[in-house]
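Read the structure below first, then the notes.
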Amino acid sequence: MKTSVSETKMMKSPTHIFDSNVYAQWTEGDKEKIDLHKNESKSATTKDTEEKEPSSEIALSEAQTFSIEYEQGIFTMKWSPDGQYLAVGCADGCVRVLRGSDGKLEHKLSTSGSQPVTSMRWKPSLSNVGSSSCLITTSSSGCIDIWHVQSSKCMYSINEEDNQIFCFDLSPSIQGSFKFAAAGKDRTIRIYDDETKKLTCSLEKGFMSKQVGHSNRIFSLKWKPDDPNILLSGGWDNSVLFWDLRSKSCFRSIFGPHIAGQTIDIQNDIVVTGSWSIRDTINLYEFSTGKPVQKQKILWDPSPMIYSLSYSPTLEGVIAAGGSGLNCARIINTNTGQKSDAIRLTNGAGVYCLDWEPKGNVVAVAGNSADITLVTIK
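Taken in order, the sequence shown gives residues 0 to 377; the numbers are from numbering that gives the first Met the number 0.
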């Protein structure tokens with residue numbers, strides 16, 4: 000089954016979200032703020048500098064590697080709730096579902112539109128089937144696909160016409176039911192009812208009014224884990240917005256983080272953001288005020304420009320973050336400032352995505368490579 004959401008004409012978009020075409024379309028002003036080529040020219044030097052830092056305080060086990068047959072880019076990755084599977088979304092529009100124990104390919108899903116897979120979430124439960132059965136994927140074709148993984152069958156597809164979806168999130172359970180949110184190129188956040196698959200509301204900047212909204216593409220959505228009415232969003236307009244679905248409006252905002260991937264998360268009412276910039280890449284804010292947390296500054300200098308960031312599901316204050324430029328990721332304790340050694344892909348390419356295994360001490364890291372690097376906190 001398919002449903003369609005029709006929108007107005009929008010500006011031309013890049014082929015996909017994580018390549019040089021995105022950078023090439025930025026204004027000259029943006030290029031002065033974030034000089035990608037300057038950062039790359041320093042990468043060899045800064046890499047040596049980073050490796051000469053004092054020994055890390057978060058010890059990691061020897062890295063394990065999973066490999067897929069596709070080499071042109073892994074843009075999103077999610078462990079199933081029980082750790083049985085690791086779903087890998089690629090630039091060719093396919094999702095490869097790997098066995099969590101050894102990385103062997105179990106299922107291959109071809110998403111609608113054959114455009115890069117940009118985000119995905121496992122649904123915690125699906126009526127009488129297991130927690131590793133239902134996967135929801137989005138792509139830059141503007142499609143949201145809902146899959147029964149074991150049969151490799153797309154059960155439902157929603158098409159947002161003339162839009163490219165860059166981010167997606169699933170709400171906390173509301174008496175056994177869910178909402179999901181999607182956003183991207185057209186700067187509008189759409190909220191759907193999971194049971195009916197119908198659009199329930201749209202969150203966007205008001206015209207001829209004081210309604211606050213995004214003025215550029217949206218790359219990150221994050222539901223507050225304990226409140227299905229509160230949603231955070233961020234993108235290229237250097238703003239993180241706090242939305243209340245009851246009023247369908249933005250009630251708080253943070254200016255500063257330049258969001259270019261899934262780099263907003265919240266734990267214990269502390270919001271963490273990762274910016275695709277060359278300085279001040281990771282920042283912490285109080286959810287209740289939107290103000291910066293007054294504690295030890297996270298020292299990661301030089302750091303990559305952040306494409307992916309998330310809290311550990313079980314370790315308080317511990318995040319994993321990674322990106323491009325320095326082409327690495329790290330695990331960081333935001334409460335103490337402790338960091339792991341740099342985590343790199345086997346080919347040294349940029350990190351586009353990462354995800355914590357549900358137990359919270361294993362991180363999978365992927366990007367412009369056929370290989371996925373997995374590390375475990377000792």
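By construction, the Cβ of each residue, glycine as well, lies at the ideal position given by its N, Cα and C atoms.
Note that the coordinates shown come from a computational prediction; the quantities given were computed from them, not determined experimentally.
DSSP, read as helix, strand or coil, puts G316 in coil.
Inter-segment contact for the segment 178-189 and the segment 209-221 is present: three or more beta-carbon pairs are separated by less than 8 angstroms.
Excluding five sequence positions before and after L169, the CB atoms of its chain that fall closer than 6 angstroms to its own CB belong to R120, F177, F179, given in chain order. The alpha carbon of I73 has as its nearest neighbour, out of S201, S138, G112, D81, the alpha carbon of S138. According to the DSSP assignment, D279 belongs to no beta strand (DSSP E), since it is labelled neither H nor E.
Excluding five sequence positions before and after Q71, the CB atoms of its chain that fall closer than 6 angstroms to its own CB belong to A90, given in chain order. Per DSSP, the beta-bridge partners of I164 are G183. Nearest C-alpha to L97 among P123, T110, E68: E68. The residue from D193, E194, A182, T195 with its alpha-carbon nearest to that of S201 is A182. Relative to T313, the option among K107, V148, D354 whose CA is nearest is D354.
Excluding residues up to 5 positions away in sequence, G99, E356, P357, K358 lie with their Cβ nearer than 8 angstroms to the Cβ of G82 in the same chain. The Cβ-Cβ distance between S307 and A328 falls below 9 angstroms.
Here T136 is buried, its C-beta having at least 16 other C-beta atoms within 10 Å. Between the alpha carbons of S232 and R251 lies a gap of roughly 11 angstroms. With a cutoff of 9 angstroms on beta-carbon distance, N334 and I57 are scored as not near each other.
M119 has T136 as its beta-bridge partners, per DSSP. Just measuring C-alpha positions, the residue of K196, V361, A320 sitting nearest S274 is A320.
A363 is bridged by DSSP to D354, L373. The criterion of a C-beta distance shorter than 9 angstroms is not satisfied by S132 and G102.
DSSP places G88 in the strand class (E or B) of the three-state scheme. Rounded to whole angstroms, the separation of the alpha carbons of P256 and D236 is 9 angstroms. According to the DSSP secondary-structure assignment, F254 is paired through a beta bridge with S238.
Annotated as distal: A62 and M76, with beta-carbon spacing of 9 angstroms or more. Secondary structure note for H213: it is in no beta strand (DSSP E), with a DSSP letter that is neither H nor E. Looking at the DSSP output, W222 shares a beta bridge with L230. DSSP, reduced to helix, strand and coil, places G112 within a helical segment of the structure shown.
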